[in-house]
Every structure is written in C-alpha cells, then in structure tokens.
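Peer 1: Position 335, counted from 1, in the sequence shown is what our numbering calls 342; the numbers after and before it change by one each time, with no gaps.
One structure is given below, represented as structure tokens, and several questions about it will come after.
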Amino acid sequence: MNASTPPPASVPPPPSSAPSAPSFPPPSPLPSLFPESRRPRLIGKVQEYLLTTAALVIVIAALRVARPVLLPLVASGFLAALTAPVVLRLKTRRVPPSVSIPLLVLAMLLVIGGVTGFVGSSINRFLATAPSYEASLNRMLSGVSQYLIDAGFVVTGAELRELVNPGAALNLAGRTLAEIADLLSNLFLVLLTTVFLLLEVTELPDKLRRALGNPDADLSHAIDVVRQVKNYVVLKTYVSLATGALVGASLAAFGVDFPILWGLLAFLLNFIPNIGSIIAAVPPVLLALVQFGWATTIGVLLMFIAVNTVIGNLLEPRLMGRQMGLSPLIVFVSLVFWGWLWGPLGMLLSVPLTMILRIVLENNRQTQGIAILMGTSTRPVARGRNRRNWPG
Numbered sequence: 008m009n010a011s012t013p014p015p016a017s018v019p020p021p022p023s024s025a026p027s028a029p030s031f032p033p034p035s036p037l038p039s040l041f042p043e044s045r046r047p048r049l050i051g052k053v054q055e056y057l058l059t060t061a062a063l064v065i066v067i068a069a070l071r072v073a074r075p076v077l078l079p080l081v082a083s084g085f086l087a088a089l090t091a092p093v094v095l096r097l098k099t100r101r102v103p104p105s106v107s108i109p110l111l112v113l114a115m116l117l118v119i120g121g122v123t124g125f126v127g128s129s130i131n132r133f134l135a136t137a138p139s140y141e142a143s144l145n146r147m148l149s150g151v152s153q154y155l156i157d158a159g160f161v162v163t164g165a166e167l168r169e170l171v172n173p174g175a176a177l178n179l180a181g182r183t184l185a186e187i188a189d190l191l192s193n194l195f196l197v198l199l200t201t202v203f204l205l206l207e208v209t210e211l212p213d214k215l216r217r218a219l220g221n222p223d224a225d226l227s228h229a230i231d232v233v234r235q236v237k238n239y240v241v242l243k244t245y246v247s248l249a250t251g252a253l254v255g256a257s258l259a260a261f262g263v264d265f266p267i268l269w270g271l272l273a274f275l276l277n278f279i280p281n282i283g284s285i286i287a288a289v290p291p292v293l294l295a296l297v298q299f300g301w302a303t304t305i306g307v308l309l310m311f312i313a314v315n316t317v318i319g320n321l322l323e324p325r326l327m328g329r330q331m332g333l334s335p336l337i338v339f340v341s342l343v344f345w346g347w348l349w350g351p352l353g354m355l356l357s358v359p360l361t362m363i364l365r366i367v368l369e370n371n372r373q374t375q376g377i378a379i380l381m382g383t384s385t386r387p388v389a390r391g392r393n394r395r396n397w398p399g
C-alpha cells in the first residue's frame with residue numbers, strides 16, 4: 008500500500024434491535040427537611056438538650072444523696088425567710104440584730120422544745136395504751152366476723168385483721184413525725200445556720216449589688232422569691248393553725264384520746280397539699296372506732312369533712328388568692344416528686360420549693376414558657392420591676 012491510497016471508509020455500526028430508552032430531564036432534588044445550612048445549628052441544639060438533661064439527672068441524684076445535709080439547710084433557709092422581716096422591722100426601731108436575733112432564737116428554742124417534749128410524751132403514752140386499743144379492735148373485728156358468718160359469708164377474725172391493718176394506715180403519719188424528730192435532732196445545726204443567715208440579711212442587698220458590679224442593680228427578682236415564699240408560708244401557717252385548733256377541740260369534745268396530739272398532726276400534715284388532711288384524719292377516726300363504736304366514728308369523720316371543706320376549699324383559697332401561682336396538676340406532681348426525693352419532709356416543702364423554681368424560670372427569657380405551663384391560666388408573666396428595697 009502506497010501513500011496515495013485513501014484510507015478505508017468507516018463502516019457505521021449495525022442498528023440495535025432494542026428500542027432506545029426515552030430520555031427524561033434529570034430529577035429535581037427533593038426539598039430537604041433539614042437544609043445543609045441548618046444542620047450545624049440543629050446538632051448544636053440536640054447536644055444542648057442532651058447536656059441539659061444529663062445535668063438535670065446528675066443534680067436530682069445529688070439532691071437525693073445529699074438529703075441528710077440539705078434538709079437542715081433548707082429548713083434554716085425557711086426559718087430565716089420567716090424571721091428576717093422581724094429582724095429588719097426591729098432594726099428600723101433601733102433594735103440592733105445583735106439583740107433581736109438572740110431573742111428570736113430563744114423564742115424558737117422554747118417553742119420547738121415545748122412541742123418536742125409534748126409530742127414525745129404523747130407518743131410514749133399512746134404506745135403504752137396501744138395494747139388495750141388492739142384488744143378492743145380485735146373484739147370488734149370478731150363481732151363483725153360473727154355477723155358476716157350469720158349472713159352467709161365465710162370469713163374469720165384473722166382474715167379481717169389482715170384486711171383492716173391500722174399499722175399500715177398510720178405508717179405515713181408515723182414516718183412524718185419520725186422525719187420531724189430526726190430534723191429536730193439536728194436542731195443545733197438548723198438554728199446556727201439560721202443565725203448566720205439572719206446576720207447576713209441586712210447586708211445581703213449591698214453584697215449582691217457589689218457582686219453584680221452594679222450599685223443600682225434591680226433585685227426585684229430575688230425580692231419576689233423571698234416575698235412570695237414568705238407570704239405563702241405565713242398564710243399556710245395561719246390556716247394550718249386554725250385547722251389543728253378546730254380538729255383538736257372537736258376531738259376533745261367527742262372524747263377521743265390524745266386530742267392535742269391529733270390536732271398537732273393535723274397542723275403539720277395540712278402543709279402537705281391534697282392528701283395531708285386525709286392522712287391526718289386516719290388515726291383519730293380509727294381511735295374513735297376502737298373507743299366508742301360506729302356512731303361516734305361517723306361524727307368524727309363528718310367533723311373532718313366539715314373542717315376541710317370550710318377551711319381547705321373556702322377560706323384558704325380566699326386568703327391565698329394567687330399567692331401560689333401553681334396549677335393543681337403541678338402541685339400534685341411536685342408533691343409526688345419532692346416526696347420521692349426527700350420523703351415526708353419533702354412533701355411538706357413541695358409547694359414552696361416549686362414556687363421558687365417557677366419564679367426563677369419565670370424571670371429567664373429562655374424558660375418563661377415552662378413557667379407559664381407551671382402557673383395558673385390567669386397568672387400574668389412577670390416583668391422587671393424597679394423595686395430595690397429588701398422586703399421587710
């Protein structure tokens with residue numbers, strides 16, 4: 008083949024027997040639920056929620072473990088919140104804290120010592136007479152068993168005693184008194200901490216302003232916490248005193264043994280919302296049943312219903328108004344939570360502690376929504392106020 012020979016023509020490929028696939032435009036990308044630009048922010052939010060949840064679990068576990076130490080300190084805080092207005096008011100009348108605080112501590116010692124001695128002696132006398140109450144209960148249950156057998160039911164006195172167990176009914180009331188006795192055993196620590204808190208209360212506003220670096224700082228949020236908790240505890244104390252006095256006087260009129268002890272128990276358990284008054288009614292109702300029979304027992308039961316209806320459902324809501332600012336659901340949930348965390352004393356403190364939590368959440372922009380969910384439907388969201396004076 009020489010150079011002048013032209014190259015052979017390219018032969019086209021034979022046509023394919025398969026039909027060619029139809030051509031479509033490339034599919035448009037589906038809209039992403041989380042665009043690329045938002046994913047780092049979303050991941051950061053998830054990490055923040057996880058860290059917050061982990062920190063919350065750690066704090067709750069620490070509160071439960073540190074219960075023996077924290078309960079006396081919390082009790083000291085509430086005592087200081089209740090007595091600080093007295094110290095400040097006496098200071099305005101030129102009575103120095105070095106005089107007013109020892110007088111307050113002496114008064115608290117006298118009251119607590121008197122109550123402790125009375126409760127201890129009453130419990131000892133009750134335990135001494137408990138066998139006679141048990142024998143009366145056994146005789147009553149035997150009579151009920153015989154009545155049921157005559158009516159055609161097969162039941163024995165032992166089965167009725169197993170069903171009607173007064174010890175189980177009195178368990179929570181006994182635990183509450185035991186918790187209070189345990190707290191009173193730390194009386195020196197509680198009073199000493201209260202004294203130091205009261206010594207600091209007059210200088211606390213200036214210290215807070217210096218710590219914040221602003222001599223004109225608005226302390227209205229901290230003032231709200233102290234004021235609302237103080238108002239709630241004071242009003243609840245008055246209502247509980249009225250409840251205990253009425254219960255004690257009524258039980259004395261019925262002739263039930265240890266009426267002052269049951270009145271004191273009604274006073275203490277009235278601080279437990281929802282179920283406290285029910286628990287306080289169990290021991291005297293059972294005692295009336297053992298002492299006098301069914302007629303007096305029904306009278307005692309009706310007395311408890313009347314006292315709790317008038318005071319708990321009519322008088323207390325009028326006095327409290329919107330002091331609590333907590334929805335009934337939150338009150339019940341807080342009762343369960345603080346009772347699980349700190350026992351019966353946690354139940355006693357459940358409402359004030361939850362009020363403090365709600366006020367703190369309410370005064371933070373990021374958590375105001377949670378505070379609204381915790382509050383009543385008609386409660387307005389807190390706004391900053393210009394009050395700078397410590398409550399007196």
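Idealized CB from N, CA, C, for every residue including glycine.
Please work out which residues of its chain come closer than 7 Å, Cβ to Cβ, to R74, disregarding the five sequence neighbours upstream and downstream, and give them in chain order.
Peer 2: What you label residue 74 is simply residue 67 of the sequence shown in a count that begins at 1. For R74, where only same-chain residues beyond five positions count, the Cβ hits under 7 Å are W349.
Peer 1: Measuring CB atoms only, is the segment 134-145 touching the segment 109-126, in the sense that at least three cross pairs come out at less than 8 Å?
Peer 2: Short answer: they don't touch.
Peer 1: On a Cα-Cα basis, can you pick out the residue from A61, L272, I108 and L95 that is closest to T123?
Peer 2: As a working mapping, residue 123 is identified with position 116 in the sequence shown. The shortest Cα separation from T123 among A61, L272, I108 and L95 belongs to L272.
Peer 1: Rounded to whole angstroms, what is the Cα-Cα separation between S83 and S128?
Peer 2: What you label residue 83 is simply residue 76 of the sequence shown in a count that begins at 1. What you label residue 128 is simply residue 121 of the sequence shown in a count that begins at 1. Roughly 26 Å separates the two Cα atoms.
Peer 1: CA-CA distance, V126 and I379?
Peer 2: Within the sequence shown, numbered from 1, the residue matching residue 126 stands at position 119. Within the sequence shown, numbered from 1, the residue matching residue 379 stands at position 372. Answer to the nearest angstrom: the Cα atoms are 42 Å apart.
Peer 1: Is the distance from the Cβ of G319 to the Cβ of S284 below 8 Å?
Peer 2: Position 312 of the sequence shown, counted from the first residue, corresponds to residue 319. Position 277 of the sequence shown, counted from the first residue, corresponds to residue 284. Yes. Within cutoff.
Peer 1: Which term fits K52, buried or exposed, when burial requires 16 or more other beta carbons within 10 angstroms of its beta carbon?
Peer 2: For the purposes of this step, residue 52 is taken as the residue at position 45 of the sequence shown. With fewer than 16 Cβ atoms within 10 Å of its Cβ, K52 is classed as exposed.
Peer 1: The alpha helix (DSSP H) that contains T200, what's its start and end?
Peer 2: Within the sequence shown, residue 200 is the residue found at index 193, counting from 1. Taken as a continuous stretch (DSSP letters only), the alpha helix (DSSP H) holding T200 covers L194 to V208.
Peer 1: Here's a check: name, in chain order, each residue in its chain whose Cβ is nearer than 7 Å to the Cβ of A252, leaving out the five neighbours to either side.
Peer 2: The count along the sequence shown starts at 1 and reaches residue 252 at position 245. Cβ within range, chain order: G270.
Peer 1: Would you call R365 buried or exposed, if buried means 16 or more other Cβ atoms sit within 10 Å of its Cβ?
Peer 2: As a working mapping, residue 365 is identified with position 358 in the sequence shown. Answer is buried; the Cβ neighbour count reaches 16.
Peer 1: For A91, which residues in the same chain have their Cβ closer than 7 Å to its Cβ, ignoring the five residues on either side in sequence?
Peer 2: Numbered from 1 along the sequence shown, position 84 holds the residue referred to as residue 91. Here the set comprises L205 and V208.
Peer 1: Given L258, which residues of its chain have a CB within under 6 Å of its CB, disregarding the five upstream and five downstream residues?
Peer 2: The residue labelled residue 258 in the question sits at position 251 within the sequence shown. The answer, listed in chain order, is P266, W269 and P291.
Peer 1: Using only CA atoms, which one of F311, A218, V232 and I312 lies nearest to M362?
Peer 2: In the sequence shown, residue 362 corresponds to position 355, counting from 1. Of F311, A218, V232 and I312, the residue nearest in Cα terms is V232.
Peer 1: In this structure, how does DSSP classify R395 when only helix, strand and coil are distinguished?
Peer 2: Residue 395 sits at position 388 when you count from the first residue of the sequence shown. Note that R395 has pLDDT 46, beneath the 50 cutoff, so the model's placement of it is unreliable and the number below is only indicative. Coil at R395, not helix or strand.
Peer 1: Which residue marks the beginning of the alpha helix (DSSP H) containing D157, and which one marks its end?
Peer 2: Position 150 of the sequence shown holds residue 157. Segment P104 to D157, the alpha helix (DSSP H) holding D157.
Peer 1: Just to confirm my understanding: we take G306, look at its own chain, exclude 5 residues before and 5 after, and list those with CB closer than 7 Å. What are they?
Peer 2: Reading the sequence shown from its first residue, position 299 is the one you call residue 306. Taken in chain order, the residues that qualify are F261.
Peer 1: If you run the structure through DSSP and keep just helix, strand and coil, what is G262?
Peer 2: Along the sequence shown, one-based indexing puts residue 262 at 255. In the structure shown, G262 sits in coil (DSSP, three-state: anything other than H, G, I, E or B).
Peer 1: What is the rounded straight-line gap between the Cα of M381 and the Cα of L296?
Peer 2: Here the question's residue 381 lines up with position 374 in the sequence shown. Here the question's residue 296 lines up with position 289 in the sequence shown. Taking the straight line from one Cα to the other gives about 42 Å.
Peer 1: For N277, tell me which candidate among W345, L144, P335 and M354 has the shortest Cα-Cα distance.
Peer 2: Counting from 1 along the sequence shown, the entry for residue 277 is found at position 270. With distances taken between Cα atoms, N277 lies closest to M354.
Peer 1: Got a sec? Which residues, its chain only, sit under 6 Å from L77 by beta carbon, not counting five neighbours each side?
Peer 2: Along the sequence shown, one-based indexing puts residue 77 at 70. Hits under 6 Å: none found.
Peer 1: Below 8 Å on the Cβ atoms is my contact criterion, and I expect V197 with P359 to pass it. Report the Cβ-Cβ distance as a whole number of Å.
Peer 2: Sequence index remark: in the sequence shown, residue 197 carries index 190 (1-based). Sequence index remark: in the sequence shown, residue 359 carries index 352 (1-based). Incorrect: roughly 16 Å between the Cβ atoms, too far for contact.
Peer 1: Just mark S107 as buried or exposed, buried being the case when its beta carbon has 16 or more other beta carbons within 10 Å.
Peer 2: Stepping through the sequence shown from its first residue, residue 107 is reached at position 100. Under the 10 Å beta carbon count, S107 is surrounded by 16 or more other beta carbons and is classified as buried.
Peer 1: Could you check which residue in G121, N281, F203 and A158 has the C-alpha nearest to that of L80?
Peer 2: Here residue 80 refers to the residue found at position 73 of the sequence shown. Minimum Cα distance to L80 is reached at F203.
Peer 1: Which parts of the segment 281-324 are runs of the beta strand (DSSP E), unbroken and 3 residues or longer, counting only runs that do not cross its ends?
Peer 2: none
Peer 1: What is the rounded straight-line gap between the Cα of I130 and the Cα of S139?
Peer 2: Here the question's residue 130 lines up with position 123 in the sequence shown. Here the question's residue 139 lines up with position 132 in the sequence shown. Their backbone Cα atoms lie some 15 Å apart in a straight line.
Peer 1: How many Å lie between R234 and I50 at the Cα?
Peer 2: Position 227 of the sequence shown, counting from 1, holds the residue named residue 234. Position 43 of the sequence shown, counting from 1, holds the residue named residue 50. For R234 and I50, the distance between alpha carbons rounds to 41 Å.
Peer 1: Span of the alpha helix (DSSP H) holding I337?
Peer 2: Start at 1 with the first residue of the sequence shown, and residue 337 comes out as number 330. Unbroken alpha helix (DSSP H) run through I337: P335 to L355.
Peer 1: Please state whether DSSP places G382 in a helix, a strand or coil.
Peer 2: Numbered from 1 along the sequence shown, position 375 holds the residue referred to as residue 382. Correct three-state label for G382: coil.
Peer 1: Between T201 and L86, which are expected to be in contact by the criterion C-beta below 8 Å, what is the C-beta distance as a whole number of angstroms?
Peer 2: Here residue 201 corresponds to residue number 194 of the sequence shown, with the count starting at 1. Here residue 86 corresponds to residue number 79 of the sequence shown, with the count starting at 1. Yes, T201 and L86 are in contact; Cβ-Cβ is about 5 Å, under 8 Å.
Peer 1: State the DSSP-derived secondary structure class of R101, mapped to helix, strand or coil.
Peer 2: Against the sequence shown, residue 101 aligns to sequence position 94. R101 falls in the coil class under three-state DSSP.
Peer 1: Considering only the alpha carbon of each residue, which of N370, P351 and D213 lies closest to A287?
Peer 2: Within the sequence shown, the letter at position 280 stands for residue 287. For A287, the nearest C-alpha among the options comes from P351.
Peer 1: Rounded to the nearest angstrom, what separates N238 and A229 at their Cα positions?
Peer 2: Counted from its first residue, the sequence shown places residue 238 at position 231. Counted from its first residue, the sequence shown places residue 229 at position 222. Their backbone Cα atoms lie some 14 Å apart in a straight line.
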